[in-house]
Structures are given as C-alpha cells and as structure tokens.
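> Numbers in the numbering used here are just positions in the sequence shown, counted from 1, shifted up by 11.
Glycine residues also receive a C-beta, built at the ideal position from the N, C-alpha and C atoms.
All values derive from a computational prediction rather than experimental measurement.
Have a look at this one before I ask anything.
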Amino acid sequence: MGGAALTAHEGAACGKVILLGEHAVVWGVPALAAGISLGATAIVEPADSAVSSLEIEGASSELPPQEAAAIQIALEALSTACGVTCPVRARVTLAIPVRAGLGSSAAIAVALARALFGRAGTTPSHEMLIDAASAWERVFHGNPSGIDVAAAVLGGVIHFERARGARSIPLSCPLSICIGLSGRRPSTRAMVDQVAQFASRKGGMGEQIFAEIRELVSAAEQALATGDLRALGKLMDMNHALLSSLSVSTDDLDGMCTAARRAGALGAKLTGAGGGGCVIALAPGCEQAVLEAWQGLGFPGLHATIA
C-alpha cells in the first residue's frame, strides 16, 4: 500500500427504517426499506499494536463483555473480507441508537467496509460492500436477511425479498420522516418467533394478513413513484394496523403513532420487529410538531430524510 499505509481512511453508511413489510418479509413477502440520512461514520488508521481495535462512540459503554468480544471477531472477519491484513485502529461515530431496530450494526459494518476497502486501495462495488458487511453481520446474527446491509449500502428506498435481494426504487421527491424512540429494546428473534406462533395457531388468518401486507407494499411502490405522499401515509397506517393484529405493537407504539397523526403526520407505524423499538411518521412540514408531541409523551425523537 506504500504511503497509503500511514493514511487514515473514512467511510459512511445509512441507518435504516422499514417503510412497509416487516415480519411479512420473513414469509416471502416483499418489504420496502429505506436508508436514512442518519447512520454511521468510520475512520480506520494503522494500529499501534499487533491487534486491531474498534471504538464505537456513544455505544461502547452500552455493550456487554460478550458483545465486545464478538466485535473483535467481526472486525477481523470484515478486515479480511476487505483485503486488509495489517492490524487497524478503527473509530465509529453513530448518529442512531443501538438495538433500536434502525440498522446500527449494518451501518457500522458498511461504514467500516468503505474505510477498509479504501485502506486496501480498492474501489468496491455495491455487491462487494454487501458481501463484506455480511461477514460482520453473520458474527452477530447468524443468517441475517440482508435487508439492513442492503439499505445501508444503497440508501434511498429499496424493494427487498430475501430470495431475490434488493433493488432500488426511484423516488419522485425526498421523504421527511420522524423517528420516535420507545426506549424498549425487544429481541428481534423473540418477536419473529411470536409471529410464527401466531401464524401457526391462526392458520388462514396469518396468511391473509401477509397477503394484505403484500398488496400494501405494491401500492406503496406506486405511491413513491408518483410522489403521492398522502397515499403512502395511509398505507403506512394500514400496515401498522395489520402489525397490531399480529400482536407485535404495544400501547406505547400505538400511542406514539396516534400522537404523530394528530400533530399532522400523513401516516405513522412501528418500524422493525415491534414489541418496542421505534415508530416512524411521514411528516413533511410538521416535523417539529411531531417531535414535540412525542416529547410530551416522554419519548425522544429524531428527524431524518430519505432521498
């Protein structure tokens, strides 16, 4: 790498929200995910020692010892996937909370991958970034769907199917969203298992819910293509109602969605696994009102854009 060996390299990546289709995507239904303007930035430099290290600003203190050990393994796997064999000192700054369903792990992985590929002197394709970041994700999640990494790499809105991967969806205009943080951090696996048990008990009812979500996702693609934000908001509301029928919403999430709509949001829903985590509100022109409404309920919020 010559003189580049002493150079710091940087990378950035999006966090993610799921606009429509969470849980149903596990059952073969497409989902619409989006990379948001908040995410992760990474700096990679030569290490001072023989072992690579990673500091995550704002999150390291929250990580249990076993997760810190896994991060070391994941960093080594990611470095190898990016063609970096010498130890590195890496620092990541997160603008999104960890374990909140906003794709923080994937954002870290992709930001680091971009910096590591830069250190290796490689200009990576999207596929290379996805493959490398997936090496990191497998350490933590075993066999992840790939939706978080795809959103972190591609940004914008993506149509995702586990069997077919991701494709970008053109937007006629940027989207302004508010993200409400419930403060609860549920287990994604537990929520997925809960939905599986529901589908097993209810049989045809579960299949009908997933079929309806498929129709909502298709209609939302059309709304995004034409810039019909009111239609998109209504579809988000309908998706939230279906998720509630799967018992993955909570009183807090329902209350935050209601407060957002009353503050002027065009639509609101939980995003991610449910049981806690976050809600998103489509809030063009009323972002501050939505954030203040949530604050009044005791929940902090963030503003982000999707472009």
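If we count the other Cβ atoms within 10 Å of its Cβ and call it buried at 16 or more, is T52 buried or exposed?
By the 10 Å Cβ count, T52 comes out buried.
> Could you tell me which uninterrupted beta strand (DSSP E) segments, each at least 3 residues in length, are contained entirely in the stretch 25-99, listed from first to last along the chain?
Here the runs fully enclosed are 42-57, 64-68.
> Could you check whether the stretch 165-176 touches the stretch 237-250, counting it as contact only if at least three pairs of C-beta atoms, one from each stretch, sit closer than 8 Å?
No, the stretch 165-176 is not in contact with the stretch 237-250.
> Please determine, among A177, I107, V95, the residue with the shortest C-alpha to C-alpha distance to V40.
Ranking A177, I107, V95 by Cα distance to V40 puts A177 first.
> Judging by CA-CA distance, which residue of G286, A271, G157, A144 is the nearest neighbour of A124?
Measuring from the Cα of A124, the nearest candidate turns out to be A144.
> Less than 9 Å between the beta carbons of G191 and W305, yes or no?
Yes; because the gap between Cβ atoms is below 9 Å, this pair is in contact.
> Where do the N-terminal and C-terminal ends of the beta strand (DSSP E) with A161 fall, by residue?
Per DSSP, A161 belongs to no beta strand (DSSP E); it is in the alpha helix (DSSP H), 158-165.
> I need the straight-line Cα distance from G114 to M216, nearest angstrom please.
The alpha-carbon atoms of G114 and M216 are separated by roughly 30 Å.
> With burial defined as no fewer than 16 other Cβ atoms inside 10 Å of the residue's Cβ, what is the status of A24: buried or exposed?
A24 should be labelled buried.
> Find out if the Cβ-Cβ distance for the pair A252, A274 is shorter than 9 Å.
Cβ distance not < 9 Å, so A252 and A274 don't count as in contact.
> Please return the same chain residues whose Cβ sits closer than 6 Å to the Cβ of H20, not counting the five positions on each side in sequence.
Within the same chain, H20 has close Cβ partners V55, A126, G129, R130.
> Do you know whose CA, among G94, I317, A85, S255, lies nearest C184's CA?
If we check each option's Cα against that of C184, I317 comes out closest.
> When you compare each of E66, S193, V228 to A111 by their alpha carbons, which one comes out closest?
Of the candidates E66, S193, V228, the one whose C-alpha sits nearest the C-alpha of A111 is S193.
> Quick one: what does DSSP say T316 is sitting in, helix, strand or coil?
Here T316 sits in strand by DSSP.
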